[in-house]
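155 is the number that the working numbering gives the last residue of the sequence shown; the numbers go up by one with no jumps. Even for Gly, the Cβ is constructed at its ideal location relative to N, Cα and C.
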Amino acid sequence: MTLSKTKHADTSSPSSFSQIIGNGTIDNQRMMNSILDEGSSQFSLQEVTDLSCIAAAIPAMLYTYTVNHVTGESNFPFVSDYCQEIFGFPASKITEDSEAFVNLVHPDDVNEFAASVLSSMINLTTWDFKMRMKDKDSRIVYVHGKSKPHRREIT
1 MTLSKTKHAD TSSPSSFSQI IGNGTIDNQR MMNSILDEGS SQFSLQEVTD
51 LSCIAAAIPA MLYTYTVNHV TGESNFPFVS DYCQEIFGFP ASKITEDSEA
101 FVNLVHPDDV NEFAASVLSS MINLTTWDFK MRMKDKDSRI VYVHGKSKPH
151 RREIT
């Protein structure tokens, strides 16, 4: 999954992703029962190390995003160091607090962003979205995000 800067893209902000998905327009229980992970959403140290080595050579922010359908918890177990290049802060800000990523989405784009993520997760279709985000200094950054969701059984 990647998030990369783009040259330009045009497109009342809820304060958290939970509020976005909890707005009554999408059946939250159905969504949580149909997406991504069974059980734990943790990646092994070897998986994270392998991702880091690959990601270091790619000029985009690579990430993994997981949702535990049992608890509804979501997180970013891995975010590449290119996060610093795009947003001006370390990847750990997002891996430690998944809401930090959503809070970067421009207020005018956040609802469409949330709907696109949910549609991709529910239908297991490619997520491909251009949006405005904010860097650490609240400057607008135009990004293009793309990923392919899949179910992952965790034992």
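Using CA atoms only, rank isn't needed, just tell me which of the options is closest to residue i.
{"i": "LYS130", "options": "MET121, ASN123 and GLU112", "result": "GLU112"}
{"i": "ALA100", "options": "MET121, THR71 and ASP135", "result": "ASP135"}
{"i": "ILE54", "options": "VAL70, GLY72, GLY88 and VAL79", "result": "VAL79"}
{"i": "SER74", "options": "HIS106, LEU62, VAL102 and SER116", "result": "VAL102"}
Drop a sphere of 10 angstroms on the beta-carbon of residue i, count the other beta-carbons inside from all chains shown, and report buried for 16 or more, exposed for fewer.
{"i": "SER138", "result": "exposed"}
{"i": "HIS150", "result": "exposed"}
{"i": "LYS88", "result": "Rather than Lys, the amino acid found at residue 88 in this sequence is Gly. When all chains shown are included, GLY88 counts as exposed."}
{"i": "ALA56", "result": "exposed"}
{"i": "ASP109", "result": "buried"}
{"i": "VAL70", "result": "exposed"}
In chain order, what residues of the same chain lie with their CB nearer than 6 angstroms to the CB of residue i, ignoring the 5 residues before and after it?
{"i": "ILE140", "result": "ARG132"}
{"i": "GLU85", "result": "none"}
{"i": "SER98", "result": "SER74, ASN75 and PHE76"}
Who are the near neighbours of residue i in its chain, counting only those whose CB is closer than 8 angstroms to its CB and skipping five residues on each side?
{"i": "SER120", "result": "THR126, TRP127, SER147 and PRO149"}
Within the same chain, show all residues whose beta-carbon is closer than 7 angstroms to that of residue i, passing over the 5 residues directly before and after it, in chain order.
{"i": "VAL105", "result": "PHE113, MET131 and MET133"}
Given 8 angstroms, three or more beta-carbon pairs between the stretch 122–129 and the stretch 91–102
no
Where in the stretch 76–112 do unbroken runs of the alpha helix (DSSP H), each at least 4 residues long, occur, reported from the N-terminal end onward?
82–87, 92–96 and 98–102
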